[in-house]
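A.B. asks: Heads up, the sequence shown is in the UniProt record's numbering, so the first residue is 1 and it goes up one at a time.
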Amino acid sequence: MHSLRESPASGTSGPVDDGGARLPASGIVEDVRRPSPLRLRPGTPVLSRGGGEVQCGSDPRWSFVLSGLTPDEERWLGEVAERRHVTLEQAAARCGVPAERRDEIMTALVRAGVLVPVPGTVGAVTAAADGAADATVLGMLRPDGAGLVTLADRARRTVGISGLGRVGTGVAQHLGTAGVGSLVLDDPQPVQVTDVGLGGLRPADVGRARHDAVRALLAERSPRAAVRTDEVPDLGGLDVVVVVEPHAAHPARYQRLLGLGVPHLPVVVREADMVVGPLVLPGRSACVRCVDLARADVDARWPALAAQLRTTAEPAHEATLAAVAAATAAAQVLALLDGHRPAAVGACLEISLPAGLPRVHPTGPHPRCGCVYLPA
């Protein structure tokens with residue numbers, strides 16, 4: 001009888017707790033109750049390492065190695081990976097794997113999160129292609145592997161977006177494609193020539209109200225999403241709001257959202273960089289005013305400078321910066337909606353050219369603000 005062993009894949013850092021991902025277990029617990037029926041976690045590659053070893057997954061957060069396998073057992077796991085419609089039990093019997101040994105290996109794979117329950121019925125999704133492009137990846141971040149459940153939950157959410165230049169339009173496109181069910185757009189300013197291209201606005205849209213142009217774009221590309229352009233939206237009915245503004249975030253713009261307890265995310269466009277965050281969880285994390293007060297602590301002239309910046313013409317949204325900032329902002333919103341803790345909570349993510357890579361600048365509640373004493 002071969003002795004079964006399990007371990008993180010060689011060359012990985014082992015399991016990483018990212019607040020939402022499944023974690024491999026160490027050792028086999030014989031009395032684990034396995035739900036039935038089970039399936040291989042969608043998207044998990046099963047790789048032969050030779051010498052009786054099989055590796056499941058390649059992501060260092062959860063890749064997992066089983067060693068001490070017989071050739072029949074290796075063939076069984078390979079067949080399960082290639083023929084997803086075949087049950088584990090059927091494949092094991094066909095490959096000559098004894099039931100006792102099959103159960104031992106399946107127990108190890110359940111403990112590692114490689115085997116997950118076959119999903120039941122989920123609610124409607126609005127993501128592109130019925131979520132086919134997203135469900136498998138999102139399932140990797142769930143203990144049950146059911147990425148469609150995440151997409152069904154997104155379909156019940158509402159996000160507001162204010163400021164619909166290249167960045168805001170990109171955020172709206174990302175969220176619609178990713179399956180957010182309802183979007184509320186706010187930007188009556190006319191589409192500029194510099195808004196065209198990235199994000200999907202066309203030359204024919206120039207001169208049209210931005211929120212009307214983006215609504216038409218989303219109707220074409222994300223037809224299942226409900227898109228509104230309310231002049232006076234019910235802010236209390238929003239799950240999160242993204243505000244894109246030039247030069248310096250204005251704390252006064254966020255007071256109503258703060259008072260209503262609506263999470264919000266500023267995206268500030270500057271000369272050759274953009275700042276995403278902080279993502280404000282009212283009563284629980286640093287707000288926009290906290291950042292403003294901290295800036296004034298470092299530079300006593302900052303309030304006067306900020307006032308001047310807020311009356312300065314909006315800088316152009318350079319293509320690379322706009323693309324990265326839009327994707328980064330959308331990722332923060334989706335992480336929040338999906339139940340994770342986004343990186344922008346208590347931090348500003350600064351994206352600058354030429355690198356275009358976000359840098360994290362932590363920020364905490366300012367003692368003179370008092371926002372964290374608001375009811376959460």
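Backbone N, C-alpha and C define an ideal beta-carbon position, used for all residues, glycine too.
Is DSSP giving Leu357 helix, strand or coil here?
C.D. replies: Coil.
A.B. asks: Val171 and Ala330 - do their beta-carbons sit closer together than 8 Å?
C.D. replies: It is a contact, given that the beta carbons lie within the stated cut-off.
A.B. asks: In the DSSP assignment, find the unbroken beta strand (DSSP E) run with Arg39 in it and report its ends.
C.D. replies: Where Arg39 is concerned, the enclosing beta strand (DSSP E) stretches over 38 to 40.
A.B. asks: Determine the extent of the alpha helix (DSSP H) in which Pro266 is found, giving its start and end residues.
C.D. replies: Not the alpha helix (DSSP H): Pro266 falls in the beta strand (DSSP E), residues 264 to 269.
A.B. asks: Please name the residue in Leu257, Leu66, Glu220, Arg39 whose C-alpha comes closest to that of Asp234.
C.D. replies: Among Leu257, Leu66, Glu220, Arg39, the Cα nearest to that of Asp234 belongs to Leu257.
A.B. asks: Judging by CA-CA distance, which residue of Thr87, Val86, Thr121, Ala92 is the nearest neighbour of Thr70?
C.D. replies: Answer by Cα proximity: Ala92.
A.B. asks: Should Tyr373 go down as buried or exposed, given a rule of 16 or more other Cβ atoms within 10 Å for buried?
C.D. replies: Label assigned to Tyr373: exposed.
A.B. asks: Should Thr126 go down as buried or exposed, given a rule of 16 or more other Cβ atoms within 10 Å for buried?
C.D. replies: Counting Cβ neighbours within 10 Å, Thr126 comes out buried, since at least 16 surround it.
A.B. asks: In the region 197 to 246, which residue ranges form an unbroken alpha helix (DSSP H) of at least 4 residues, counting only runs that do not cross its ends?
C.D. replies: Counting whole runs of 4 or more residues, the region 197 to 246 contains the alpha helix (DSSP H) stretches 210 to 221.
A.B. asks: Within 10 angstroms of the Cβ of Leu357, are there 16 or more other Cβ atoms? Answer buried if so, exposed if not.
C.D. replies: Exposed is the call here.
A.B. asks: What would DSSP say about Val276, mapped onto helix, strand or coil?
C.D. replies: If DSSP states are grouped into helix, strand and coil, Val276 belongs with the strands.
A.B. asks: Since Arg210 and Pro223 are thought to touch, with beta carbons under 8 Å apart, how far apart are those beta carbons, to the nearest angstrom?
C.D. replies: Rounded, the Cβ-Cβ distance is 20 Å, inconsistent with contact.
A.B. asks: Rounded to a whole number of angstroms, what is the C-alpha to C-alpha distance between Val345 and Leu336?
C.D. replies: Cα-Cα distance, rounded: 9 Å.
A.B. asks: Could you tell me if residue 409 is buried or exposed, where buried requires 16 or more neighbouring beta carbons within 10 angstroms of its beta carbon?
C.D. replies: Lying before the first or after the last residue shown, residue 409 is absent from the chain, which here runs from 1 to 376.
A.B. asks: Determine which residues share a DSSP beta bridge with Asp186 and list them.
C.D. replies: Asp186 pairs with Ser162.
A.B. asks: If we ignore side chains and look at the alpha-carbon of each, how far apart do Val244 and Val269 end up?
C.D. replies: Using only the alpha carbons, I get a separation of about 7 Å.
A.B. asks: If we count the other Cβ atoms within 10 Å of its Cβ and call it buried at 16 or more, is Pro266 buried or exposed?
C.D. replies: Pro266 should be labelled buried.
A.B. asks: Which same chain residues end up closer than 7 Å to Val214 when comparing Cβ atoms and leaving out the 5 residues on each side of it in sequence?
C.D. replies: The answer, listed in chain order, is Leu164, Thr169, Ala172, Leu185.
A.B. asks: Can you give the Cα-Cα distance for Pro315 and Pro251, rounded to whole angstroms?
C.D. replies: Distance between the alpha carbons of Pro315 and Pro251: 20 Å.
A.B. asks: Given a cut-off of 8 Å on the beta-carbon distance, is the pair Leu40 and Arg84 in contact?
C.D. replies: Cβ atoms of Leu40 and Arg84: closer than 8 Å.
A.B. asks: Let me make sure I understand the geometry here. Which of Pro367, Pro60, Ala326 has the alpha-carbon closest to that of Ser285?
C.D. replies: The shortest Cα separation from Ser285 among Pro367, Pro60, Ala326 belongs to Pro367.
A.B. asks: On the CB-based measure, 16 or more other CB atoms within 10 Å of its CB, does Thr158 come out buried or exposed?
C.D. replies: It counts as buried.
A.B. asks: Assuming Gly145 and Pro42 make a contact with CB atoms under 8 Å, what is their CB distance in whole Å?
C.D. replies: Right, the Cβ-Cβ distance comes to about 6 Å (below 8 Å), so this counts as a contact.
A.B. asks: Report, in whole angstroms, the separation of the C-beta atoms of Ala178 and Asp239, which I expect to be a contact under 8 Å.
C.D. replies: At roughly 14 Å, the Cβ-Cβ gap does not stay under 8 Å, so Ala178 and Asp239 are not in contact.
A.B. asks: Buried or exposed: Val110, going by 16 or more other Cβ atoms within 10 Å of its Cβ?
C.D. replies: The residue in question, Val110, is buried, as its Cβ has 16 or more Cβ neighbours within 10 Å.
A.B. asks: State whether the region 191 to 200 contacts the region 273 to 291, with contact taken as three or more CB pairs (one from each stretch) at a distance under 8 Å.
C.D. replies: Taking 8 Å as the limit for Cβ pairs, the verdict is that the region 273 to 291 does not touch the region 191 to 200.
A.B. asks: Below 6 Å CB to CB, which residues in the same chain sit around Val180 once its five sequence neighbours on both sides are set aside?
C.D. replies: So the qualifying residues of the chain are Arg154, Arg157, Val159.
A.B. asks: How would you call Gln55, buried or exposed, if buried means at least 16 neighbouring beta carbons within 10 angstroms?
C.D. replies: Buried.
A.B. asks: Take Gly207 and list the residues in its own chain whose beta-carbon comes closer than 7 Å to its own, dropping the five residues that flank it on each side.
C.D. replies: Closer than 7 Å at the Cβ level, and outside the excluded window around Gly207, lie Pro190, Val191.
A.B. asks: So, using beta-carbon positions, are Ala272 and Arg310 closer together than 8 Å?
C.D. replies: In this structure, Arg310 does not lie closer than 8 Å to Ala272 by Cβ.
A.B. asks: With 16 other CB atoms within 10 Å as the buried threshold, where does Ala319 fall?
C.D. replies: Exposed.
A.B. asks: By alpha-carbon positions, which one of Gly120, Met140, Pro203 ends up nearest to Ser58?
C.D. replies: Of Gly120, Met140, Pro203, the residue nearest in Cα terms is Met140.
A.B. asks: So is Leu353 buried or exposed if we call it buried at 16+ other beta carbons inside 10 Å?
C.D. replies: Under this definition Leu353 is an exposed residue.
A.B. asks: Among residues of its own chain, excluding the 5 on either side of Ala347, which ones have a beta-carbon nearer than 7 Å to its beta-carbon?
C.D. replies: Excluding residues within five positions, the ones whose Cβ falls inside 7 Å are Gly277, Pro278, Val360, His361, Pro362, Thr363.
A.B. asks: Scan the region 104 to 187 and note each continuous alpha helix (DSSP H) run of 4 residues or more that stays entirely inside, going in chain order.
C.D. replies: Whole alpha helix (DSSP H) segments, 4+ residues: 135 to 139, 147 to 154, 166 to 177.
A.B. asks: Does the separation of the CB atoms of Gly176 and Ala152 fall below 8 Å?
C.D. replies: No. Outside cutoff.
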